[in-house]
Every structure is written in structure tokens, then in C-alpha cells.
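These notes concern the structure reproduced below.
Chains as they are written, first to last, in the working numbering: chain V, 174 to 438; chain E, 6 to 368.
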């Protein structure tokens, strides 16, 4: 029995080691990182974090990322909810084909859409705006969101809709007060996936922005200076990048378990 | 407040589900829709409610054409076979929801919800969520929500079918009282003839989307218009045997019975004779009964009764016998039948003569 725990422990160590090393590095000076091998920082410093929180070039990267990710999540859900409802409740010409075609959008690598987006956004003046990145990410997130939500919605008996209409509910009222609470877990899971995709996607986000909407990941790649890489600040930024994702996972963790069990994920 | 269906038809995917149904339901009436599964009961209900639109025909409510009126403006309540409640609301909120939508004052809502909950014996469960209730309690909640709002039309689609035996009996017994003194038109779909008999009112019998017979329940029971009605409206189904009339009744080729009074005016010829399983017996009950020899196919014990499946001259019969009778399979048995109980159908299956219900004293 002991061996089982040992294996588990080894696995967790294996998973945590890079994370620990990043945290470790972020609490050291760059000089210490480069000169010695230390498991714990010899001279503990928060200067790296201080740099990020005081330098607008750094923290605006976070703000930009959070803005377009939130925009993307909200817009994807707003578009996907009615679409998924239609797919789950109504039969219309070509519904099955359309549903599949939506999914095929995800099969293309983002790079394929890079140039069209870049050229289009430049010509209509959307280049380097938050909404531009959010819109570009919707191309990938909306199909996934529709697909996940449709699975959850089809799990709700149609008779509940009908009972609500018989009771006199108008459609918006029914949707908001009765239907949405029933697919809460699905909405949570969907939001999580939209958030995650948009948060880690770098290629589109980087290419479609230059200054005003530059995401944190892009900021991080530009720490190379004449004196070499600033390891301390870079790793501190990495640690901070993990936090929003960890927070989102924390909030939807119960839904995720349910979502994996019930829905289509 | 009457409901009128005029020539309603509905075709789905090339198949006719409802075929030219015309029906007038009177205000305050209780109507049973009786039919086998797939007879079109649910579809007809959905058409009446307005959840589906008929391909042909019109629906009138108080003389007003409501065929195109959306369901939420029709003041219709429905109880489904599945227990449909709003899972995220408590029992109280579930029952209150139609009243809240109607914009009734708070105190009025509270009074009516509690009154209805009490009538359905769920007043101690008002704070629970539907998922925390038993099936019977969930269905009671669904019924309370349908009943609380004084709908013009109350539709119940086999509401008891998913309940277990005891709960079904219990709720059925209460049902009569629940529906009494209501102004609404009640339509109650079921496959169970006993339920139809227990609930009374009127009965409409559906077969393959067609309305075959509509009338007071007992009238339909005693005078089934066709062989199919007799089949549906009898549990176990009525025994029907081909035969002839020529001065006496001949069942099959050989069995001869004296001609009972109610068949006397019929011309001679080929007929199909029906007799209810409950009117057959393996013990002689009266002087008028004729003994017919038969062979036991299988005795089927159902609680306090036994359905004895027997065979007589290549025709299968079912005898509904009180008590438990484990007769050996293949053994000979004498069944007793009273010719005064015979239904006579013409070869096409239409009723030509029915026994007087009171002829032999017991219905």
C-alpha cells in the first residue's frame, strides 16, 4: 500500500517541480539564478513582482489580456446560448449539417486565419484593439461553446419548456429564470473553456495587437535586452499569468466534474 | 366555455397521427381519452393544448377560433406522464409560478398555493426541491401547479402511469374528489380501462388516430361501438369468437347456446360474439349458464384474481376468476357462460347487440 502513495508522491513532485522552480526563480535576483544552484532563494526578494506592478508596460499586459479574454467569454456565451437552444429544440433545414460545419471551424489551425484577420482588421481600423482579439477568438470558441451547451440543453426535457409556456412564461423570462439555472453547470464549463482558450492563445493575440491591446504573453517575450534575459521578472510574470487560470478553475471546479459527466466535453 | 374540435388532422413524417377528429367537450366535464399506446392520445392532447398545430381542422374555445393562438395565451394547464416540475424551484415556487406570472397579489398567491398543496397532501413539503421528493409527491406537485390556476382546460396525459401500484391507487382514489366542483374542462388520457371506469365522466376511444366512440363512460363500456372499443375497454381484453346465429347461438363450429332475449331480433347469419373475461367462470353461478369444456393454456395469477387462459376448439379465451387457481397446464376445465352476457358484432366488427347491463343482476 505504501508503494502506491510513493508513486503518487513522485508523480505530484514531477508535476510540481517546474512550477516550483518558476516560483523559486521569481523570488531570486537574476544574478543568483545565473550564478548559483539553490533550491530555496538565498536572498529572498520581491523586487521582480514590484517591477511588474509598478511598470505600466508590464501590468497593462495583464489588463489587456483580462479585458479581451472576458470580452471573448461573455460574447461567446451570448452568441452560443441562443444558437445551442435552437440546435437542441428545433428542427430546421440543414440543422445537422450546420452543427457539424460549426465544429469544423475548430479543426483549422489558428495560423490559417492569421493573415485574413490581420489584413481585415487593419483595413477597418480594428487592429490593436481588445475587441479585435476577442472577435478573432470567438471564431474558435463559439463552435465549442455551442457544442457543449447543446449537450446540456438536450438533457433538459422539452416538456419543461412546454410547461413554462402553458404556465404563461414569455420566452425570455422562461430562458432566464427556469432554463438557465438548469444548465448552470454547462454554462460554467463553457465559460471555462472559452476563458482557457483565449487566455493561452498567443499567435492571434500577438499578431493582431501592437501597443494598446498587447497581451501579457507578448509582453513577456520582449524582455530580452542588451544585458540578456531578465529571468527574475520573466518568471514573476509567469507566476502571475497562472493566477487567473487557477482562479477560474477554482470557481468552476464543481461544474467541471459535473460537466465532464453530463455534457459533451 | 366549451371546447370544440372540428375535423382535426395531423400528419407527421408522412404518417397520419390524428385523422379527422371532431369532438365537443362541455364546460365542467370530465373526459377520458382511452386508447392503446400509439393511438394518438398524446398527440390529440398536444393539439388541444396548442403545443402543436393541426394540419387540417380548427380548434374553438368558447366559440372562438384559437387554432393560431399561442399556447401561453390559451389558459391551458397540463400534467405530463413524466413528472415535470421546475427542478431549480422549491415545491412552493413551483406551484406559485403560474400565479406569479399572472401577476396575482402576494397574499392571494400564498393562500391558493397552501390550499392546493393541502388538498394534494404536499403541504408539509413546500420548502423542498422536486428532486428531494418521491415520484408520487413530484406528480402531486405537478398536479398542484396545474390545478392552482383555474385553467379553462386541464389536460392530464397518463399522469399515474409512472407511479408504482400503491401510489397509483391512492392518487386515483383522490382524483375524483380533486376534479369535482371545477369549472374547467378536464381531459384525462389513459390506457387503463379501470382508470376510466373509476373516474367516470365521458370517455372518448381513439384507435390509430381516429375517434371511434365518445359518450358517457358507462354507456361506452356497456355499448362498445366496435370490437376494438370492447377490446380496449376491458382488462383483460374481451374475448371475441366468430360464430353464427340460426335460432340458437353457435360459437365456433360446435358449441351451441340457447338464444338469449337480446339477440332474438337479429337476423340469422355470421356474427362475432364477445364476452368479458369477468363473465366467464370455472364455477357455475346461475341456472342460465352453459357449460363449455376447454383446456388450460396457462393460469396467470394477478393478485387476488387469476386470469385463466384456456383454449376451446382452436379459439383462445381468458377467464377472469376471483381467487388464486393454479390449474395444471393442459388440464381440462369447464367454463360457464351466460348467453345473456354476449355482445354481438357484425363481421366488420360493429356492435349490433349488447347485453342489458342489468339482465343478470351484476354489472
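Glycine residues also receive a C-beta, built at the ideal position from the N, C-alpha and C atoms.
Can you tell me whether residue i is helix, strand or coil according to DSSP?
i: residue 7 of chain E; result: coil
i: residue 130 of chain E; result: helix
i: residue 340 of chain E; result: strand
i: residue 17 of chain E; result: strand
i: residue 214 of chain E; result: coil
i: residue 193 of chain E; result: strand
i: residue 332 of chain V; result: helix
i: residue 207 of chain E; result: strand
i: residue 300 of chain E; result: strand
i: residue 105 of chain E; result: helix
i: residue 39 of chain E; result: strand
i: residue 5 of chain E; result: As shown, chain E starts at 6 and ends at 368. That puts residue 5 of chain E outside it, with no answer to give.
i: residue 176 of chain V; result: helix
i: residue 286 of chain E; result: strand
i: residue 358 of chain E; result: strand
i: residue 393 of chain V; result: helix
i: residue 95 of chain E; result: coil
i: residue 346 of chain V; result: helix
i: residue 71 of chain E; result: coil
i: residue 311 of chain V; result: helix
i: residue 220 of chain V; result: helix
Could you check the C-alpha separation between residue i and residue j for me, to the nearest Å?
i: residue 369 of chain V; j: residue 417 of chain V; result: 10 Å
i: residue 110 of chain E; j: residue 154 of chain E; result: 13 Å
i: residue 218 of chain E; j: residue 238 of chain E; result: 11 Å
i: residue 308 of chain E; j: residue 170 of chain E; result: 12 Å
i: residue 365 of chain E; j: residue 227 of chain E; result: Confidence at residue 365 of chain E is low in this model, with a pLDDT of 47, below 50, so its placement is unreliable and no value can be given for it.
i: residue 388 of chain V; j: residue 81 of chain E; result: 55 Å
i: residue 152 of chain E; j: residue 305 of chain E; result: 39 Å
i: residue 359 of chain E; j: residue 9 of chain E; result: 30 Å
i: residue 248 of chain V; j: residue 311 of chain V; result: 8 Å
i: residue 318 of chain V; j: residue 290 of chain V; result: 21 Å
i: residue 292 of chain V; j: residue 285 of chain V; result: 13 Å
i: residue 248 of chain E; j: residue 22 of chain E; result: 34 Å
i: residue 212 of chain V; j: residue 345 of chain V; result: 58 Å
i: residue 410 of chain V; j: residue 230 of chain V; result: 12 Å
i: residue 215 of chain E; j: residue 35 of chain E; result: 20 Å
i: residue 322 of chain E; j: residue 346 of chain E; result: 15 Å
i: residue 87 of chain E; j: residue 315 of chain V; result: 33 Å
i: residue 343 of chain V; j: residue 385 of chain V; result: 43 Å
i: residue 69 of chain E; j: residue 207 of chain E; result: 23 Å
i: residue 192 of chain V; j: residue 413 of chain V; result: 12 Å
i: residue 83 of chain E; j: residue 89 of chain E; result: 10 Å
i: residue 244 of chain E; j: residue 62 of chain E; result: 37 Å
i: residue 240 of chain V; j: residue 421 of chain V; result: 15 Å
i: residue 379 of chain V; j: residue 226 of chain V; result: 21 Å
Which one of the options has the shortest CA to CA distance from residue i?
i: residue 256 of chain E; options: E:275, E:100 and E:212; result: E:275
i: residue 246 of chain V; options: V:422, V:394 and V:372; result: V:372
i: residue 244 of chain V; options: V:193, V:302, V:192 and V:335; result: V:302
i: residue 48 of chain E; options: E:26, E:152 and E:36; result: E:26
i: residue 240 of chain E; options: E:9, E:283 and E:157; result: E:283
i: residue 55 of chain E; options: E:160, E:290, E:202 and E:197; result: E:160
i: residue 12 of chain E; options: E:39, E:35 and E:72; result: E:72
i: residue 190 of chain E; options: E:37, E:280 and E:139; result: E:37
i: residue 253 of chain E; options: E:235, E:272 and E:245; result: E:272
i: residue 242 of chain E; options: E:183, E:86, E:129 and E:197; result: E:197
i: residue 146 of chain E; options: E:125, E:278, E:157 and E:166; result: E:125
i: residue 132 of chain E; options: E:349, E:92 and E:336; result: E:92
i: residue 33 of chain E; options: E:174, E:40 and E:186; result: E:186
i: residue 178 of chain E; options: E:112, E:28, E:204 and E:331; result: E:204
i: residue 321 of chain V; options: V:375, V:207, V:297 and V:272; result: V:272
Taking DSSP's pairing of strands, which residues face residue i in a bridge?
i: residue 29 of chain E; result: E:9
i: residue 305 of chain E; result: E:312
i: residue 83 of chain E; result: E:160
i: residue 276 of chain E; result: E:248
i: residue 317 of chain E; result: E:320
i: residue 439 of chain V; result: Past the boundaries of the shown model lies residue 439 of chain V; chain V is included only from 174 to 438, so the question cannot be answered.
i: residue 262 of chain E; result: E:254
i: residue 335 of chain E; result: Answer is none; residue 335 of chain E lacks a bridge partner.
Any heavy atom of the ligand MN closer than 7 Å to the CB of residue i?
i: residue 358 of chain V; result: Inclusion of the ligand MN in the displayed structure is not the case, the ligand content being empty and no account of it being possible.
Near-chain E residues of the stretch 254-270 of chain V (beta-carbon distance less than 8 Å), N- to C-terminal order: none
Contact list for the stretch 74-94 of chain E against chain V, Cβ threshold 7 Å: 76, 77, 81, 82, 83, 85, 87, 89, 91, 92 and 93
Residues from the stretch 323-338 of chain V in contact with chain E, defined by Cβ distance under 8 Å: Taking 8 Å as the Cβ-Cβ cut-off against chain E, the residues of the stretch 323-338 of chain V that qualify are 330, 332, 333, 335, 336, 337 and 338.
Interface positions of the stretch 38-68 of chain E facing chain V (Cβ-Cβ less than 8 Å), listed along the chain: 54 and 56
Interfacial residues, the stretch 103-136 of chain E to chain V, with Cβ spacing under 8 Å: 103, 106 and 107
Chain E contacts from the stretch 345-373 of chain V (Cβ-Cβ distance under 7 Å): 351, 354 and 355
Residues of the stretch 219-252 of chain V whose Cβ lies closer than 7 Å to any Cβ of chain E, in chain order: Here the close residues number zero.
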